[in-house]
Amino acid sequence: MKILYNGDSWCWGKSLDDRDDRYAVQLAKRLGAEYTDLSLHGSSNRRIVRTTIEHGLSQYDLGIICMTFKNRTEFYMNGQWEKVNPGRGKGKMFLDYYANYYEEEYGDTDEMIYRQAIIDHFAVNKTDLLLLTVAKDSKFDYDLYLNTPDIPLGETLHPTKVGHQIITHRIYETLIKMDKGAIQSVETEKRRSLYL
Amino acid sequence: MKTKIYFDGDSVTYGKELFDLSKRFSALVCEKLNAEEHNIALNGGSNRRVMRNLIDNLGKFDRYVIQMAKRSRTEWYDEDEDKWQIVTNQPVKSGNYDFWKRYYREIYHDNYGITDELICYNFIRALLVNVPHLILWSGDYDFNLPADLVYKKGSFPVRRGHPNEEGHQMICDDILNIWR
Numbered sequence: 000m001k002i003l004y005n006g007d008s009w010c011w012g013k014s015l016d017d018r019d020d021r022y023a024v025q026l027a028k029r030l031g032a033e034y035t036d037l038s039l040h041g042s043s044n045r046r047i048v049r050t051t052i053e054h055g056l057s058q059y060d061l062g063i064i065c066m067t068f069k070n071r072t073e074f075y076m077n078g079q080w081e082k083v084n085p086g087r088g089k090g091k092m093f094l095d096y097y098a099n100y101y102e103e104e105y106g107d108t109d110e111m112i113y114r115q116a117i118i119d120h121f122a123v124n125k126t127d128l129l130l131l132t133v134a135k136d137s138k139f140d141y142d143l144y145l146n147t148p149d150i151p152l153g154e155t156l157h158p159t160k161v162g163h164q165i166i167t168h169r170i171y172e173t174l175i176k177m178d179k180g181a182i183q184s185v186e187t188e189k190r191r192s193l194y195l
Numbered sequence: 000m001k002t003k004i005y006f007d008g009d010s011v012t013y014g015k016e017l018f019d020l021s022k023r024f025s026a027l028v029c030e031k032l033n034a035e036e037h038n039i040a041l042n043g044g045s046n047r048r049v050m051r052n053l054i055d056n057l058g059k060f061d062r063y064v065i066q067m068a069k070r071s072r073t074e075w076y077d078e079d080e081d082k083w084q085i086v087t088n089q090p091v092k093s094g095n096y097d098f099w100k101r102y103y104r105e106i107y108h109d110n111y112g113i114t115d116e117l118i119c120y121n122f123i124r125a126l127l128v129n130v131p132h133l134i135l136w137s138g139d140y141d142f143n144l145p146a147d148l149v150y151k152k153g154s155f156p157v158r159r160g161h162p163n164e165e166g167h168q169m170i171c172d173d174i175l176n177i178w179r
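Written out as structure tokens, the structure reads:
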């Protein structure tokens with residue numbers, strides 16, 4: 000089995016002494032699977048969708064994609080992709096963006112668009128998907144919400160090694176429940192049952 | 000029951016510069032197919048708007064015709080007005096004029112637009128995978144995605160910058176040819 004991971008710092012393993020302790024590695028070991036990890040700390044849902052589409056799914060049996068906070072985005076500036084989130088530069092970068100452009104309504108529709116884009120991208124490529132999120136206040140359904148109060152976090156508010164172990168176990172259990180063969184279980188009946 | 004066809008896009012699909020909107024291609028297609036026209040295209044519309052609308056309208060129509068907009072456009076939610084505002088690279092009507100002027104001068108890059116276009120294209124194809132649909136594009140830059148109908152500048156007769164009645168008839172005929 001080959002797994003494609005994508006996500007933000009939680010998936011990337013930020014603040015771990017050894018990034019091999021992150022859940023992506025631990026789960027792959029537990030499943031005896033190969034993996035590719037496209038995650039990056041500070042990622043936005045836009046980056047997650049962009050890099051997943053650009054990378055392609057043809058060699059994968061399963062995607063484990065962890066969406067992030069709705070208020071993040073990215074811009075292409077000075078020859079590279081710039082991560083836009085409220086914490087950049089100790090909260091002093093992109094103030095203009097958050098003051099003049101970003102609204103909750105925008106964030107909600109961004110999350111809706113990118114979530115749907117991931118779900119459908121995996122569906123049409125007939126690749127199983129486990130869809131996660133680190134967002135606490137999402138209005139949308141996911142297979143698993145990682146950012147729960149019982150996950151131990153370090154100083155930077157990222158999961159500790161034990162936190163990653165708990166997440167690994169939860170993902171494993173969820174995959175067992177989903178029987179790994181089911182296409183994305185979180186899709187709402189009213190929207191997709193007609194077509195997929 | 001009449002077939003219901005959904006159309007979305009920007010001013011091309013809206014029928015800007017036509018004196019009579021019943022001559023726009025969406026109306027012509029529906030007239031020919033005896034179908035019900037549902038055209039929610041908007042002058043200055045963006046691909047983000049197209050995606051947002053499509054999620055809300057999935058499952059409600061028998062066929063979908065989506066015109067992808069210029070990739071440099073976006074939209075923002077105006078909390079004061081409680082509505083979505085269009086953003087084009089001539090942001091006169093967008094509100095927040097200074098911000099958007101700076102956005103196009105300092106933040107927006109064509110690589111951003113190209114990936115936005117890629118995301119939108121994949122989004123539409125994936126969302127409508129088992130639904131009869133067409134993606135069309137019209138513009139004045141290189142567009143390399145495999146849309147069903149691609150109209151580069153000069154592909155159809157225009158009145159100022161937008162297709163005239165003859166241009167809309169051409170688009171209508173092209174759509175009907177594909178659906179035949």
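Residue numbers (numbering that gives the first Met the number 0), protein chains in the order written: chain G, 0 to 195; chain D, 0 to 179.
For each residue, glycine too, the CB sits at the ideal point set by N, CA and C.
Since the model is a prediction, treat every value here as computed from it, not as a measurement.
In this structure, residue 4 of chain G and residue 57 of chain G do not form a Cβ contact; the two beta carbons are roughly 16 Å apart against a cut-off of 8 Å. Interface flag for residue 74 of chain G against chain D is set, since a Cβ pair is found closer than 9 Å. By the neighbour-count criterion, in which a residue is buried when 16 or more other Cβ atoms sit within 10 angstroms of its Cβ, residue 145 of chain G is buried. Under the three-pair Cβ rule at 8 Å, the segment 77-89 of chain D does not count as touching the segment 20-33 of chain D.
Apart from the 5 residues on each side of it in sequence, residue 43 of chain G sits with its Cβ closer than 6 Å to the Cβ of 71, 72, 73 in its chain, given in chain order.
When only Cα atoms are considered, residue 48 of chain D and residue 63 of chain D end up about 15 Å apart.
Annotation: residue 115 of chain D is outside any beta strand (DSSP E); the continuous alpha helix (DSSP H) that includes it extends over 109-126. It is roughly 26 Å from the alpha-carbon of residue 22 of chain D to the alpha-carbon of residue 123 of chain D. Exposure of residue 156 of chain G is indicated by the presence of fewer than 16 other C-beta atoms within 10 angstroms of its C-beta.
Within the same chain, Cβ atoms closer than 8 Å to the Cβ of residue 139 of chain D are found at 151, 152, the five residues on either side in sequence being excluded.
A direct Cα-to-Cα measurement between residue 76 of chain G and residue 105 of chain D gives close to 8 Å. Going by C-alpha positions, residue 24 of chain D is about 28 Å away from residue 114 of chain D.
Checking the DSSP bridge columns, you'll see residue 132 of chain D partnered with D/63. The C-beta of residue 66 of chain D has 16 or more other C-beta atoms within 10 Å across all chains shown, which makes the residue buried. When secondary structure is reduced to three states using DSSP, residue 133 of chain G falls in the coil class, being assigned neither helix nor strand. Per the C-alpha coordinates, the member of G/139, G/94, G/163 positioned closest to residue 67 of chain G is G/139.
For a Cβ distance threshold of 7 Å, residue set 49 of chain G lies close to residue 114 of chain D, ordered along the chain. Scanning its chain for C-beta atoms nearer than 6 Å, with the 5 sequence neighbours on each side dropped, one finds around residue 45 of chain D the residues 68, 72, 73, 74, in chain order. DSSP lists D/157 as the beta-bridge partner residues of residue 162 of chain D. For residue 128 of chain D, at least one C-beta of chain G is nearer than 9 Å to its own C-beta. Under the three-state reduction of DSSP output, residue 79 of chain G falls in the strand class. Around residue 75 of chain D, the beta-carbon contacts reaching into chain G at under 9 Å are 99, 100, 101, 102, 105. Within its own chain, the residues whose Cβ lies closer than 8 Å to the Cβ of residue 131 of chain G, once the five positions on either side in sequence are excluded, are 6, 63, 64, 65, 66, 141, 142, 143, 144, 145, 170, listed in chain order. Residues of the segment 27-39 of chain G with a Cβ closer than 7 Å to any Cβ of chain D: none. With fewer than three CB-CB distances shorter than 8 Å, the segment 93-113 of chain G does not count as touching the segment 21-41 of chain G. In this structure, DSSP gives residue 14 of chain G a state outside helix and strand, which the three-state scheme calls coil. At a cut-off of 9 Å between beta carbons, residue 98 of chain D contacts chain G. At a cut-off of 9 Å, the C-beta of residue 108 of chain G has a neighbouring C-beta in chain D.
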